[in-house]
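Here's the structure, in structure tokens; my notes come after.
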Amino acid sequence: QEAAKYEKKVMVLDFVMPTPLGNSWGLGGTCVNVGCIPKKLMHQAALLGQALQDSRKFGWQFTEEVKHNWMTMTESVQNYIGSLNWGYRVALREKKVTYENAYGEFVGPHTVKATNKRGVEKLYTAERFLIATGERPRYLGIPGDREYCISSDDLFSLPYCPGKTLVVGASYVALECAGFLAGLGLDVTVMVRSILLRGFDQDIANKIGEYMEEHGIKFIREFVPIKVEQIEEGAPGRLKVTAKSTQANQIIEGEYNTVLLAIGRDACTRKIGLDKVGVKINEKTGKIPVNDEEQTNVPYIYAVGDILQDKLELTPVAIQAGRLLVQRLYAGATTKCDYVNVPTTVFTPLEYGACGYSEETAVEKFGEENIEVYHSHFWPLEWTVPSRDNNKCYAKIICNIQDNERVIGFHVLGPNAGEVTQGFAAAIKCGMTKEQLDSTIGIHPVCAEV
Amino acid sequence: MGWEEKQVHGYPEFVQTAQRYHGRPIFALFCGDKDAEGRSWCPDCVTAEPVVRKELHNMPDESVFIYCLVGDRAYWKDPNNEFRKNLKLTGVPTLLKYGTPQKLVEEECFKAELVRMLFTED
Chain P
1 QEAAKYEKKV
11 MVLDFVMPTP
21 LGNSWGLGGT
31 CVNVGCIPKK
41 LMHQAALLGQ
51 ALQDSRKFGW
61 QFTEEVKHNW
71 MTMTESVQNY
81 IGSLNWGYRV
91 ALREKKVTYE
101 NAYGEFVGPH
111 TVKATNKRGV
121 EKLYTAERFL
131 IATGERPRYL
141 GIPGDREYCI
151 SSDDLFSLPY
161 CPGKTLVVGA
171 SYVALECAGF
181 LAGLGLDVTV
191 MVRSILLRGF
201 DQDIANKIGE
211 YMEEHGIKFI
221 REFVPIKVEQ
231 IEEGAPGRLK
241 VTAKSTQANQ
251 IIEGEYNTVL
261 LAIGRDACTR
271 KIGLDKVGVK
281 INEKTGKIPV
291 NDEEQTNVPY
301 IYAVGDILQD
311 KLELTPVAIQ
321 AGRLLVQRLY
331 AGATTKCDYV
341 NVPTTVFTPL
351 EYGACGYSEE
361 TAVEKFGEEN
371 IEVYHSHFWP
381 LEWTVPSRDN
391 NKCYAKIICN
401 IQDNERVIGF
411 HVLGPNAGEV
421 TQGFAAAIKC
431 GMTKEQLDST
441 IGIHPVCAEV
Chain F
1 MGWEEKQVHG
11 YPEFVQTAQR
21 YHGRPIFALF
31 CGDKDAEGRS
41 WCPDCVTAEP
51 VVRKELHNMP
61 DESVFIYCLV
71 GDRAYWKDPN
81 NEFRKNLKLT
91 GVPTLLKYGT
101 PQKLVEEECF
111 KAELVRMLFT
121 ED
């Protein structure tokens, strides 16, 4: 849409290869269809369940037992997503961007072949190309994985309640899904190969895991599934999972209605003909290395989003990178995308917002003697009356002593972490120091005043 | 078989008609009432109607096109009228594909391309 603003003739080729179970979706990419949007809505559904419980202590009286209906929630979520898909179609049309629901692949210099779902092929040429094909969930490569397991691609439109679920993985996708499924009242177990939330601050990752465990989510640590078999067909059916320990020779078995795989995502770069135009990719990870102007090794081909090597896999980052790129190409701008100090939030039952360095990375980069960590537990006022945990919420900031105690890492674990973190991210971008933070008077009573 | 048009007035008649054709693609255009001379109190509806009618042949076979007059201006302005409450309409004219989130509102209905897209989308 940005390029069309500058009167460029633009075409978008978007095509979703169906999941092994046949699922597909509309225009908008992962975030809108099978990522952030449905995830946050379902997380909200789970939070509302909790709020209903708390409400009794605040004086609300209701005698009926409150139950959750998976179909009602899913229908509402999918309806909203459908309106977003349609909104994008209208927006593209209005801005005169040509849209084709077809699978694009390079067949030669400056030339792309588009194949639609009926197999009809068309060829297009262009001056420049932008690749933003994103990623898809990885499968384990064990017997029964594609036939019986689901991934996040299937979960948000599942036409039946998943029931007793085994989540395989310890990524934020795994923990967020496990979190809201349990919050909706389902029996959830998480099978973890080694650590939780690799790449995130481990002190906080462990607190998140502890909280989830204390709230009824079972964890099986240091095991990997080796086989999935179907005991009974159905919606959901019954599955038997056999798993092996990573430490010893132990084998365990378990029965579940649904197995959700969330062990990682792989870039969609292997089958789009990049070899035909000479774009180099990292053979091992499939990711595309680009320079700081999002340009691949082929000058007229650019890339943004999750497929970039060594860059953050976040929707707003991809959007920003894309917009700035177009502005540089067609509006004479020079601003490059700033990938440093990008705030993020993990929407586990106890939300985690972060911006900047984790404690481990800060120690590694600056040395333990040069950083100072300030931290505090806090008890949200809203949790006091319903007697919810009084020592779980936590905040910490990491400061660089050698640079005026500049705040280089911000971490908060508690309700509305995303909302809290956004403001602090702006402050960190401005180079806030500990002194400035101290001299900012807090708003009371809110969690953020800590 | 092609397509057919049904003209209805007011919310209950609309719902009845839509239910009767359940299972077939249903498109609906909502406009303000017309006076004795056939002119609507809604100027945008006057503009949109010919544009939409010109594109009707693009609707899939078996489609039903419901042309619905919602009521007079006072009825429409009431924030609690049934169209706003139950169908979530926010303005007239609105052209929508019944049972889906796909719709075009107000000036969007003036654009033949968008109308065509609504009628031919999967």
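In the order they appear, the protein sequences are chains P and F.
Once you know that position 308 of the first sequence is 308 in UniProt numbering, the rest is easy, because the numbers rise by one and skip nothing.
Once you know that position 118 of the second sequence is 118 in UniProt numbering, the rest is easy, because the numbers rise by one and skip nothing.
Just so it is clear, CB atoms sit at the ideal spot from N, CA and C, and this is done for glycine as well.
- Contact between residue 302(P) and residue 128(P) is confirmed by a C-beta separation of about 7 Å, below the 8 Å threshold.
- Pairing residue 29(F) with residue 50(F), the inter-Cα distance amounts to about 11 Å.
- Excluding the 5 residues flanking it on each side, residue 169(P) has same chain C-beta neighbours closer than 7 Å at 261, 262 and 263, in chain order.
- In this structure, DSSP gives residue 64(P) a state outside helix and strand, which the three-state scheme calls coil.
- If you compare the alpha carbons of 404(P), 425(P), 217(P) and 33(P) with that of residue 410(P), the shortest gap goes to 425(P).
- Looking at the backbone, the Cα of residue 24(P) and that of residue 18(P) are separated by about 5 Å.
- Along the stretch 66-90 of chain P, going in chain order, the ones with a CB nearer than 7 Å to a CB of chain F are 79, 82, 83, 86, 89 and 90.
- The three-state reading of DSSP puts residue 371(P) in strand, counting E and B together.
- One Cα belongs to residue 268(P), the other to residue 76(F), and the distance between them is close to 49 Å.
- Taking the C-beta atoms as reference points, residue 237(P) is found no nearer than 8 Å to residue 50(P).
- Secondary structure of residue 150(P) (DSSP, three-state): strand.
- Rounded to whole angstroms, the gap between the alpha carbons of residue 224(P) and residue 193(P) is 6 Å.
- Look at residue 121(F) here: in three-state DSSP terms it is coil, with no helix or strand label.
- Taking a contact to require three or more Cβ pairs closer than 8 Å, the stretch 52-64 of chain P and the stretch 87-96 of chain P do not qualify as touching.
- Listed in chain order, the positions of the stretch 93-113 of chain P with a beta carbon within less than 7 Å of a beta carbon of chain F are 93.
- By the 16-neighbour rule on beta-carbons within 10 angstroms, residue 432(P) is buried.
- The Cβ atoms of residue 304(P) and residue 353(P) do not sit closer than 8 Å to each other.
- Listed along chain P, the residues sitting closer than 7 Å to residue 101(F) by beta-carbon distance are 79, 82, 83 and 86.
- Residue pairing for residue 398(P): DSSP places it in a beta bridge opposite 373(P) and 409(P).
- DSSP places residue 55(P) in the helix class (H, G or I) of the three-state scheme.
- Residues 172, 346, 352, 354 and 358 of the same chain have their beta carbon placed closer than 8 Å to that of residue 200(P), with the five preceding and five following residues left out of the count.
- Exposure of residue 9(F) is indicated by the presence of fewer than 16 other C-beta atoms within 10 angstroms of its C-beta.
- As computed with DSSP, residue 112(P) is found in a beta bridge with 106(P) and 124(P).
- One finds nothing in chain P with a Cβ atom closer than 9 Å to the Cβ of residue 59(F); even the nearest lies about 17 Å away.
- Residues of chain P whose Cβ lies closer than 7 Å to the Cβ of residue 95(F) do not exist; the shortest such Cβ separation is about 12 Å.
- In this structure residue 90(F) is exposed. Its beta-carbon is surrounded by fewer than 16 other beta-carbon atoms within 10 angstroms.
- Counted as a single uninterrupted DSSP element, the beta strand (DSSP E) harbouring residue 265(P) occupies residues 265-267.
- Contact note: residue 62(F) does not reach chain P at a C-beta cutoff of 8 Å; the least C-beta distance is about 21 Å.
- If you ignore the 5 residues before and after residue 34(P), its C-beta comes within less than 6 Å of the C-beta of 152, 153 and 156, all in its own chain and listed in chain order.
- Residues of the UniProt domain "Thioredoxin" (8-121) of chain F that bring their beta carbon within less than 8 Å of a beta carbon in chain P comprise 100, 101, 102, 103, 104, 108, 111, 113, 114, 117 and 121, in sequence order.
- Classified as exposed, residue 20(F) has fewer than 16 neighbouring CB atoms from the shown chains inside 10 Å of its CB.
- Here residue 290(P) carries a coil assignment [DSSP, helix/strand/coil].
- Cβ neighbours of residue 336(P) within its own chain (closer than 7 Å, five residues either side excluded): 292, 293 and 324.
- In this chain, residue 230(P) is not harboured by any alpha helix (DSSP H); it is covered by the beta strand (DSSP E) spanning 223-232.
- Just measuring C-alpha positions, the residue of 317(P), 285(P) and 366(P) sitting nearest residue 401(P) is 366(P).
- Rounded to the nearest whole angstrom, the C-alpha separation of residue 73(F) and residue 30(P) is 43 Å.
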